[in-house]
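Position one of the sequence shown corresponds to residue 0 (numbering that gives the first Met the number 0), numbered consecutively onward.
We put the CB at the ideal spot given by N, CA and C, even for glycine.
Take a look at the structure below.
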Amino acid sequence: MSFEILIVVVFILGYVAIAIEHTLKVDKLVPALLMMAFAWALVAFGLDSFTTWFDSTEHSMVEGFKNLPLHVENHHEASKGGWLDSTLLHHFGKTCEILFFLVGAMTIVEIIDHFDGFGTIKSFIKTNKKKTLLWIMGVLAFVLSAIIDNLTATIVLITILRKLVSDSETRMWYAGLIIIAANAGGAWSPIGDVTTTMLWMGGKVSAVKLVEFIILPSIACMIVPIFIASFMPAFKGGFDAPESEGEGNKMGPTMLYLGLAMIIFVPIFKTVTHLPPYVGMMLSLGVVALVAEMISNRQFSLTSVTNDDGTVSHHHSSPTFKALASIEMPSILFFLGILMTVAALESLGLIFNFGQSVQAVMPNDIFVILMGVGSAIIDNVPLVAASMGMFDMASFPMDNHIWHFIAYTAGTGGSMLIIGSAAGVVAMGMEKISFFWYLKNIAWLALLGYVSGIVVFFIMHY
Numbered sequence: 000m001s002f003e004i005l006i007v008v009v010f011i012l013g014y015v016a017i018a019i020e021h022t023l024k025v026d027k028l029v030p031a032l033l034m035m036a037f038a039w040a041l042v043a044f045g046l047d048s049f050t051t052w053f054d055s056t057e058h059s060m061v062e063g064f065k066n067l068p069l070h071v072e073n074h075h076e077a078s079k080g081g082w083l084d085s086t087l088l089h090h091f092g093k094t095c096e097i098l099f100f101l102v103g104a105m106t107i108v109e110i111i112d113h114f115d116g117f118g119t120i121k122s123f124i125k126t127n128k129k130k131t132l133l134w135i136m137g138v139l140a141f142v143l144s145a146i147i148d149n150l151t152a153t154i155v156l157i158t159i160l161r162k163l164v165s166d167s168e169t170r171m172w173y174a175g176l177i178i179i180a181a182n183a184g185g186a187w188s189p190i191g192d193v194t195t196t197m198l199w200m201g202g203k204v205s206a207v208k209l210v211e212f213i214i215l216p217s218i219a220c221m222i223v224p225i226f227i228a229s230f231m232p233a234f235k236g237g238f239d240a241p242e243s244e245g246e247g248n249k250m251g252p253t254m255l256y257l258g259l260a261m262i263i264f265v266p267i268f269k270t271v272t273h274l275p276p277y278v279g280m281m282l283s284l285g286v287v288a289l290v291a292e293m294i295s296n297r298q299f300s301l302t303s304v305t306n307d308d309g310t311v312s313h314h315h316s317s318p319t320f321k322a323l324a325s326i327e328m329p330s331i332l333f334f335l336g337i338l339m340t341v342a343a344l345e346s347l348g349l350i351f352n353f354g355q356s357v358q359a360v361m362p363n364d365i366f367v368i369l370m371g372v373g374s375a376i377i378d379n380v381p382l383v384a385a386s387m388g389m390f391d392m393a394s395f396p397m398d399n400h401i402w403h404f405i406a407y408t409a410g411t412g413g414s415m416l417i418i419g420s421a422a423g424v425v426a427m428g429m430e431k432i433s434f435f436w437y438l439k440n441i442a443w444l445a446l447l448g449y450v451s452g453i454v455v456f457f458i459m460h461y
């Protein structure tokens, strides 16, 4: 069995383990990291047998790789200073750009939450009609997800929803429509979803063109399901909101507006300076953290903590420290494993060759539509990462319609199953929504929204 086949087998087995993580009772970051390590180990051991290499610098296939002057018989020597080392460093650098961008965004969101900034949103909701609340939640999910990503927007809005609607069955219906709206909102923003961030940072789309070509399809994807749902029995009549819990943090609104403004500032910073997006995100995080420290009046103060063994340790008790301790590191490590595994497949030209085969048997638009449907079953991060290696930049340059279409389908297709997106999975856990309840009541609405957005996209493009 060739090393290429072994690497593909490792990827398939790892991905199956990720898909059935709840059955295995093993967090998905574990198989992701294992398959990354095994994939690159196989690349190193099989270096002498590969005949092609995907040159990450030139973005092209290098034929007859084993005959290149840089190639030496001992793979350990090759890994030190040759193609393997430079390719691995290239992919790791590109992956870390995405990961540190996400870390910065997550930390800003946690700092906002530290000051109960999201509680400010609840004060804007002044209705007791179910239909009106549905539209408010839908619009909020659509807008917030474009700024703080669809996962965080879903968590924030379901938390607010719990303070407004006491009936769990009613909240399940709202949560289902929030998932659709949040995923639709994340698709048109370069900072709204991990996949759009990948396409933006990978030079496939520009922020301005992504918004220009995807916002209308995303609006259709959100409006159609909510419009239909507003006539359903679940959203008839009114509801009795629980009594107010009292005044929240006085600095909450300030930190909310500052945090959201600084996240929006990141694409502007990139456009003006042409620096990578993670630089702008670090700048925004620095500004938000500085204001948070000044407000809390605990700027880098140290707190002594007595450990169980009697020793005394010190740590920062600042809002920034607490925010960094609260970010989702398992998700960061999962993305690291997935993206670096896909990078191993890409380096051997396997993804590029697969893309060429697909283009030979079906139109690109059909393939992208099917990829969006597949994202309801398979995580959209590896799908988009793979698609970025399938299409040649010479044929599909930056802001080609295919990249915008991938952003839309991968971002919204996952709404058709509750396990198809991070927003769906978190809503499933928060409101105890069963897979089959969502499939029966919400999936068809998500499908109609998905198709509506595709129709709008084709009208705009063709």
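task: Tell me whether the beta-carbon of residue 433 lies closer than 9 Å to the beta-carbon of residue 423.
output: no
- prompt: With which residues is residue 237 paired in a DSSP beta bridge?
  reply: 128
task: Please classify residue 487: does DSSP put it in a helix, a strand, or coil?
output: Since the displayed the chain opens at 0 and closes at 461, residue 487 lies outside it and no answer follows.
- request: Decide yes or no for the touch test of the segment 140 to 157 against the segment 351 to 359: beta carbon pairs closer than 8 Å, at least 3 of them.
  value: no
query: By Cβ distance below 6 Å, which residues in the same chain neighbour residue 193 in space, the five residues on each side in sequence not counted?
result: 380
query: For residue 325 versus residue 421, is the C-beta spacing smaller than 9 Å?
result: no
query: For residue 87, which option in 3, 198, 40 has the closest C-alpha, if you only look at C-alpha atoms?
result: 40
- request: Could you tell me whether the segment 247 to 257 touches the segment 202 to 210, where touching means 3 or more Cβ pairs closer than 8 Å?
  value: no
- request: Would you kindly work out how many angstroms separate the C-alpha atoms of residue 171 and residue 426, rounded to a whole number?
  value: 9 Å
Sub-9 Å separation of residue 187 and residue 406 beta-carbons: yes
- request: With a cut-off of 8 Å on the beta carbons, I'd call residue 319 and residue 291 a contact; round off their distance for me.
  value: 6 Å
- prompt: Just reading off the alpha helix (DSSP H) that residue 92 is part of, what are its end residues?
  reply: 82 to 113
query: Quick check: the segment 224 to 234 against the segment 165 to 180, are there 3 or more CB pairs under 8 Å?
result: yes
- prompt: Of the residues 441, 377, 266, 389, which one's Cα is nearest the Cα of residue 410?
  reply: 377
task: Give the DSSP-derived three-state secondary structure of residue 327 in the structure shown.
output: coil
message: To the nearest angstrom, how far is the alpha carbon of residue 75 from that of residue 103?
response: Residue confidence is low: residue 75 scores 44 on pLDDT, short of 50, so the model does not pin down where it sits. No coordinate-derived value is stated.
query: residue 255 and residue 120: beta carbons closer than 9 Å?
result: yes
- prompt: Quick one: Cα of residue 363 to Cα of residue 398, how far?
  reply: 15 Å
message: Looking only at its chain, what residues have a beta carbon closer than 6 Å to the beta carbon of residue 100, apart from the 5 residues adjacent to it on each side?
response: 276, 277, 280
- prompt: In this structure, does DSSP put residue 202 in helix, strand or coil?
  reply: coil
message: What does the alpha-carbon distance come out to for the pair residue 340 and residue 273?
response: 29 Å
message: Using CA atoms only, rank isn't needed, just tell me which of 430, 184, 200 is closest to residue 408.
response: 184
- request: Let me know the secondary structure DSSP gives residue 187 once reduced to three states.
  value: coil
message: Using a Cβ-Cβ cutoff of less than 6 Å, which residues in the same chain neighbour residue 108 once the five nearest sequence positions on both sides are dropped?
response: 147, 151
message: Starting from residue 263, trace the alpha helix (DSSP H) in both directions and tell me its first and last residue.
response: 251 to 272
task: Alpha carbon to alpha carbon, how far is residue 118 from residue 451? Give it in angstroms, no decimals.
output: 33 Å
query: Would DSSP call residue 439 helix, strand or coil?
result: helix
- prompt: Going straight from the alpha carbon of residue 200 to that of residue 190, what length do you get?
  reply: 10 Å
message: I need the boundaries of the alpha helix (DSSP H) containing residue 375, first residue and last residue.
response: Residue 375 -> no alpha helix (DSSP H), and no H or E assigned at all.
- prompt: Leaving out five residues before and five after residue 327 in sequence, what residues of the same chain have Cβ atoms less than 7 Å from its Cβ?
  reply: 105
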